[in-house]
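Read through the structure below, which is laid out as structure tokens, and then see the notes.
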Amino acid sequence: MASYFVTLGYDQLRPLTLSARHYDSHHGIPGSVLQETPTATARHVNTQFTANWATPALRVVGSYRELTQHYRDVQSVTRYDKHYLQVARQLDLEKQWSLRQSLDVALGGQYLSESFFNDDRLQPQSSLPGISRKTSAVFGRGKFRQRVWLLQSDYSLAYRLDHVDGRTYGSPHLALAFSFDKYVYADVTANYAESFRLPSIDALFWSNDVFAIGNPDLQAERARARDIQLSVASKGRVIITMQVRRFVNDVDGMIFWRQRFDGKYTPVNLARTRIDGTETCLMVSTSDQRFSAQYQRTKQKPVNLSRAENYYGQIIPFQPDHSERVSLTLRLWRCKFEYTYGLTGARFIREANTKSLPAYHLHDLSLEYQATLLGMREVFALAVYNAGNSLYEILERVPMPGRSVTTSLTIQL
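Residue numbers 307 to 719, in the numbering used here, belong to the letters of the sequence shown in order.
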């Protein structure tokens, strides 16, 4: 596997910031199930340009993104040489007002144009014509603050309207927060939100290949989320923070990649699902941020409640029952060292819950060094992912990469 990325930015035109990013990854494809040859390769090229105009009251962001995917194996029994290109142009606008000291209001809009192209080099007649989709949205939100003695209360209300493919979707969001800041800092926050998620264009129109096949009948997801969170933090030179969050998410039409009888995956909608769980987080840090440690655990139960299916009450595949994360950060002089440990629990891979993949552990390390040469600021970074070289699978018999090392150099002019 070989990959590299280049990021360029220019921030001397403030409040205008320009940036460009290019990422190129080239690697082989595990073929234990797909009966591919060692020559099977995949290449992903991601390019993005962004212009950001930001002031305290106005933000305008324009971006252009291009993702190219190339899958090729010309020696296998089922030869293929397929190119996919996704192009996205996006414009975001947001204006903010502060009315008195207790009320903030924001209005904005978004425009997104997406295009998808497929080119089958070996079977040109199977290539799809260009597909395009345009999404426009407007939104508004308000936040009211009130303080009564030692208790601070915040009330937030937001609403967003999205128009796409001749349909309009409304997404409200309501949040209530109460905080206390005296000997310790404590707050309670409750949220209710409705949202929708469109299926990606490639999920709709992915050309039939040895991996997957798209589903043009795929519908959008609709979700209703409720959560409540309690947070308590100490004060002093060492800050200890404890957070507990309880959440319940109901999703109608959840997009799920179902494995077919021939081993290929295709996206389908699950009529009704529910994911409920608890997140617990413990953080310890010094007031100067030279040292910080964090432990986070998520326990969840994702259940298929679609009565039209034969799997009512079963756990949704590929959703871990629990996950844990530990991170340590140490800053000394010009260096920053980070260690991250992640545990992903067992995941069912059959809708009947008859087979599962075991839990896996990952260890990541990173080191950054900052320097100043010739009036320029440089940051050298070295990262080791999956330092323990763990063997694990996201899909059955498709092993994930082992240990990998990346380096980067950032120069700020």
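Beta carbons: idealized from backbone N, C-alpha and C, even for Gly.
A direct Cα-to-Cα measurement between Arg466 and Val380 gives close to 48 Å.
With respect to Asp533, Phe502 sits apart: the two C-beta atoms are not nearer than 9 Å.
Shortest Cα-Cα distance from Val711 to any of Tyr675, Asp670, Leu679 involves Asp670. Rounded to whole angstroms, the gap between the alpha carbons of Trp563 and Lys488 is 50 Å.
Here the alpha carbons of Lys605 and His350 stand approximately 33 Å from one another. Rounded to the nearest whole angstrom, the CA to CA distance from Glu684 to Tyr675 is 8 Å. The alpha-carbon of Ala677 is positioned some 18 Å away from that of Glu644. Taking the Cα positions, Leu418 is about 10 Å away from Gly368. A direct Cα-to-Cα measurement between Leu649 and Gln429 gives close to 43 Å. Look at Phe511 here: in three-state DSSP terms it is helix.
Here DSSP, grouped into helix, strand and coil, assigns Ser501 to strand.
For Phe562, the enclosing beta strand (DSSP E) begins and ends at 544 to 565. Following the DSSP letters along the chain, one finds Asn352 inside the beta strand (DSSP E) bounded by residues 347 to 360. Under the three-state reduction of DSSP output, Gln525 falls in the coil class, being neither helix nor strand. Here Ile519 has Trp512, Lys570, Thr572 as same chain residues with Cβ atoms under 7 Å from its own Cβ, once five neighbours each way along the sequence are excluded. Taking Gly694 as the centre and dropping the five residues before and after it, the same chain places the C-beta of His667, Leu668, His669, Arg709 closer than 8 Å to its C-beta, in chain order. An exposed status is given to Ile717, since fewer than 16 other beta-carbon atoms sit within 10 Å of its beta-carbon.
The count of Cβ pairs closer than 8 Å, one atom from the segment 453 to 466 and one from the segment 419 to 438, stays below three, leaving the stretches out of contact. Counting C-beta atoms within 10 angstroms of its own C-beta, Phe654 has 16 or more neighbours from the protein chains shown and is therefore classed as buried. Contact annotation, Ser633 with Gln600: C-beta distance approximately 5 Å; criterion of less than 8 Å satisfied.
Ranked by Cα distance from Trp359, the options Asp398, Tyr329, Ser442, Ile437 are led by Asp398. Pro573 carries a strand assignment under DSSP once its states are collapsed to helix, strand and coil.
Judged by DSSP secondary structure, Tyr390 falls within the beta strand (DSSP E) whose first and last residues are 386 to 405.
Burial state of Lys388 is buried, judged by a 10 Å Cβ sphere holding 16 or more other Cβ atoms. Here Val380 is not bridged, per DSSP, to any residue. Classified as buried, Tyr390 has 16 or more neighbouring CB atoms from the shown chains inside 10 Å of its CB. Ranked by Cα distance from Ser714, the options Ser672, Thr374, Leu697 are led by Ser672.
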